[in-house]
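Per my numbering, residue 2 is the first one in the sequence shown, and the count goes up by one each step.
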Amino acid sequence: MRLAVICYLVPCIYGYAISQRRLPSDSAGLDQSPPATGYNSPQSQDLHERIQLRLSPSLELDPYPDKPRITFKEDGSFKLTIFSDIHFGENPWDSWGPVQDINTTALMEALLQLEKPDYVVINGDLVTGENTFRENSTSLIDSIVRPLNAAKVPFSSTSGNHDSKINITRTGEMTREIGISPLSYTRFSPPGVGGVGGPGNYWVPVYEKVTGEPTQVVFHEVPKQSCVFSDQTPVLILWFFDSRGGLFTNGTQMPDWVDSSVAEWVQSETEKMNIDWGPPEQRSALAFVHIPPHAVQAVQRNLNSSINPGLNADTLGQGSTQASLKHASLGKDNAFWHSLNTNVKNLRAVISGHDHGDEWCAREPTYDVIFCFNKHSGYGGYSRPGWGRGVRSIIFHSAAPLVGLETYIMMENGTSHARVILDEHYM
2 MRLAVICYLV
12 PCIYGYAISQ
22 RRLPSDSAGL
32 DQSPPATGYN
42 SPQSQDLHER
52 IQLRLSPSLE
62 LDPYPDKPRI
72 TFKEDGSFKL
82 TIFSDIHFGE
92 NPWDSWGPVQ
102 DINTTALMEA
112 LLQLEKPDYV
122 VINGDLVTGE
132 NTFRENSTSL
142 IDSIVRPLNA
152 AKVPFSSTSG
162 NHDSKINITR
172 TGEMTREIGI
182 SPLSYTRFSP
192 PGVGGVGGPG
202 NYWVPVYEKV
212 TGEPTQVVFH
222 EVPKQSCVFS
232 DQTPVLILWF
242 FDSRGGLFTN
252 GTQMPDWVDS
262 SVAEWVQSET
272 EKMNIDWGPP
282 EQRSALAFVH
292 IPPHAVQAVQ
302 RNLNSSINPG
312 LNADTLGQGS
322 TQASLKHASL
332 GKDNAFWHSL
342 NTNVKNLRAV
352 ISGHDHGDEW
362 CAREPTYDVI
372 FCFNKHSGYG
382 GYSRPGWGRG
392 VRSIIFHSAA
402 PLVGLETYIM
412 MENGTSHARV
422 ILDEHYM
């Protein structure tokens, strides 16, 4: 049974002093009922009820009860490697189409071996959906996840605008991925979240350790009352959002922004986290979404290549950011962007793909948040001579929320560049 006890909340409510002591290994567990002495006072009973409430496992805040816990390494670090825009299935009727997929698979295998990540993200446009056939479109997912399954590395994916076309859907791709990948942490949005065509909004908790050592907490002002718990508080939350885009199966255009229903969901989820896990300042967050938020379009005009290194070859304009494909859509992603930056504290960076010729990081001044582009990873999808292919890696050197993150672009040939530290001083 997993527990969600945040005992430091109690003194905030009641003003009681708390002491903790480690339990001997043979006394750990949940069956240590407190004696009845002094248990009849209203304060004591109310306190006990609140403790029992937090002793109950919450599937909402433990969404992966049957999967291994994602954790930092013993040395205190945690490394993510992000593949983006891999575009499998392009022009399967031409000889060069399948060759592209073979080359992309080789790139994934080589960089997984080189980077040795603790977690992998595929940040959208898994396939070139307009080139797929209805009969075998989702089978492309088998090829995409094969290197990840072979490496036994946990991973998640977002969907991109090329993942929704007449012959393929996000739901089909996600269902296939989840079904054949034991270490896929991708999951579907709750009912009513994501809008039409946006099923991939979810979060993944990352913990400091594999298991928490049992601790007994004694409340001195409530005679002989105590609870036993294991530390189940994440130190990092990975958020994944569905920016939609592409086509519905009937050929009509899908909205190209994160639906406003996600804004309300983010607020609700963070409120639950704060109640069960305590102040959000005690944990960090990263956010992944395929199409960049529209606010970053203005950021590009003020880049400094020494502070914001990396390829900057795609000028952001119509269709490059959320809610920009049609003029009438401008501003439709504002609710999501506001909610994300208002409710998710210690948001260390927001990371997107979509624009293959950009790979820089910069601070978005409206909400004082760092935004980073991925590196185009696939042999499919548009490219230009000299752009190359690779991944973005991000390293947490500590679980402490205020320690800067290291990030860089690792190319297919094993060279790296655009290495920066993302912290409060980064511009």
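Cβ atoms here follow ideal geometry from the backbone N, Cα and C, with glycine treated the same way.
Treat the numbers as computed from the prediction; the structure is a model and nothing was measured.
Three-state secondary structure (DSSP) at isoleucine 179?
-> What you label residue 179 is simply residue 178 of the sequence shown in a count that begins at 1. Isoleucine 179 falls in the helix class under three-state DSSP.
Starting from glutamate 407, follow its DSSP beta bridges and name the residues at the other end.
-> Taking the first residue of the sequence shown as position 1, residue 407 is located at position 406. Beta-bridge pairing links glutamate 407 to Ile396, Ile422.
Cα-Cα separation between valine 219 and glycine 279, rounded to whole angstroms | For the purposes of this step, residue 219 is taken as residue 218 along the sequence shown, with counting starting at 1. For the purposes of this step, residue 279 is taken as residue 278 along the sequence shown, with counting starting at 1. Because valine 219 sits at a pLDDT of 47, beneath the cut-off of 50, its placement in the model cannot be relied upon, and the point is left open.
How close, in whole Å, do the beta carbons of asparagine 124 and threonine 170 come, if the pair is a contact with beta carbons under 8 Å?
-> Locating residue 124 in the sequence shown gives position 123, counting from the first residue. Locating residue 170 in the sequence shown gives position 169, counting from the first residue. Incorrect: roughly 18 Å between the Cβ atoms, too far for contact.
In angstroms, rounded to a whole number, what distance separates the CA positions of proline 64 and isoleucine 87?
-> Here residue 64 is taken as the residue at index 63 of the sequence shown, counted from 1. Here residue 87 is taken as the residue at index 86 of the sequence shown, counted from 1. Spanning the two alpha carbons is a distance of roughly 28 Å.
Evaluate the contact criterion for the segment 98-110 versus the segment 134-154: three or more CB pairs, one atom per stretch, below 8 Å.
-> yes
With DSSP collapsed to three states, give me the class of phenylalanine 289.
-> Taking the first residue of the sequence shown as 1, we reach residue 289 at position 288. Reduced to three states, the DSSP call for phenylalanine 289 is strand.
Could you check what DSSP says for glutamate 116 in three-state terms: helix, strand or coil?
-> Start at 1 with the first residue of the sequence shown, and residue 116 comes out as number 115. Note: glutamate 116 maps to helix in three-state DSSP.
Cα-Cα separation, valine 194 to serine 185 = By 1-based counting over the sequence shown, the position of residue 194 is 193. By 1-based counting over the sequence shown, the position of residue 185 is 184. Each residue's alpha carbon lies about 21 Å from the other.
Given methionine 255 as reference, the closest of Gln298, Val122, Gly161 once Cα atoms are compared | Walking along the sequence shown from the start, residue 255 turns up at place 254. Checked all of Gln298, Val122, Gly161; the closest Cα to methionine 255 is Gly161.
Can you give me the Cβ contacts of methionine 109 inside the same chain, cut-off strictly under 6 Å, excluding the 5 residues immediately before and after it?
-> By 1-based counting over the sequence shown, the position of residue 109 is 108. Cβ within range, chain order: Pro148.
Express the C-alpha separation of threonine 187 and lysine 153 in angstroms, rounding to a whole number.
-> Taking the sequence shown and counting its residues from 1, one reaches residue 153 at position 152. Taking the sequence shown and counting its residues from 1, one reaches residue 187 at position 186. Cα to Cα, the separation comes out at about 15 Å.
Compare the Cα-Cα distances from threonine 343 to each of Thr271, Ile71, Val300, Asp95 and report the closest residue.
-> For this step, residue 343 is matched to residue 342 along the sequence shown. Checking every option, the nearest Cα to that of threonine 343 belongs to Thr271.
Which partner residues does lysine 166 have in the DSSP bridge list?
-> Taking the sequence shown and counting its residues from 1, one reaches residue 166 at position 165. In DSSP, lysine 166 forms a bridge with Ile169.
What three-state label does DSSP hand proline 206 in the structure shown?
-> Locating residue 206 in the sequence shown gives position 205, counting from the first residue. If DSSP states are grouped into helix, strand and coil, proline 206 belongs with the strands.
What first and last residue would you give for the beta strand (DSSP E) that runs through serine 330?
-> In the sequence shown, residue 330 corresponds to position 329, counting from 1. It is not in any beta strand (DSSP E) - serine 330 carries neither H nor E in the DSSP assignment.
Is the segment 379-391 touching the segment 323-335, taking contact as three or more C-beta pairs under 8 Å?
-> no
Isoleucine 352 vs phenylalanine 397 beta-carbon contact at 8 Å | By 1-based counting over the sequence shown, the position of residue 352 is 351. By 1-based counting over the sequence shown, the position of residue 397 is 396. Taking 8 Å as the Cβ cut-off, isoleucine 352 and phenylalanine 397 do not qualify as a contacting pair.
So, threonine 129 versus valine 392, is the Cβ gap smaller than 8 Å?
-> By 1-based counting over the sequence shown, the position of residue 129 is 128. By 1-based counting over the sequence shown, the position of residue 392 is 391. Cβ atoms of threonine 129 and valine 392: not closer than 8 Å.
Thinking C-alpha only, which one of Asn375, Pro294, Gln114 is nearest threonine 367?
-> For the purposes of this step, residue 367 is identified with residue 366 of the sequence shown, where counting begins at 1. Nearest of Asn375, Pro294, Gln114 to threonine 367, Cα basis: Pro294.
Can you tell which of Ile276, Ala336, Ser262, Leu237 has its C-alpha closest to the C-alpha of asparagine 347?
-> As a working mapping, residue 347 is identified with position 346 in the sequence shown. Ranking the options by Cα distance to asparagine 347, first place goes to Leu237.
3 or more residues per run - each beta strand (DSSP E) lying fully within the segment 313-385 | 348-353, 362-365, 370-374
Quickly, what does DSSP pair aspartate 238 with across the bridge? List them, please.
-> Taking the first residue of the sequence shown as position 1, residue 238 is located at position 237. Here residue 238 is isoleucine; the residue named in the question, aspartate, does not match the sequence. Note: isoleucine 238 sits in a beta bridge opposite Pro206, Ala286.
Ordered list of beta strand (DSSP E) runs contained in the segment 126-163, each at least 3 residues | 156-159
Use the C-beta contact count for histidine 426: other C-beta atoms within 10 angstroms, 16 or more gives buried, fewer gives exposed.
-> Start at 1 with the first residue of the sequence shown, and residue 426 comes out as number 425. With fewer than 16 other Cβ atoms within 10 Å, it is exposed.
Sequence-distant residues of the same chain with beta carbon closer than 6 Å to histidine 418, five excluded per side = Here residue 418 refers to the residue found at position 417 of the sequence shown. Hits under 6 Å: Ile410.
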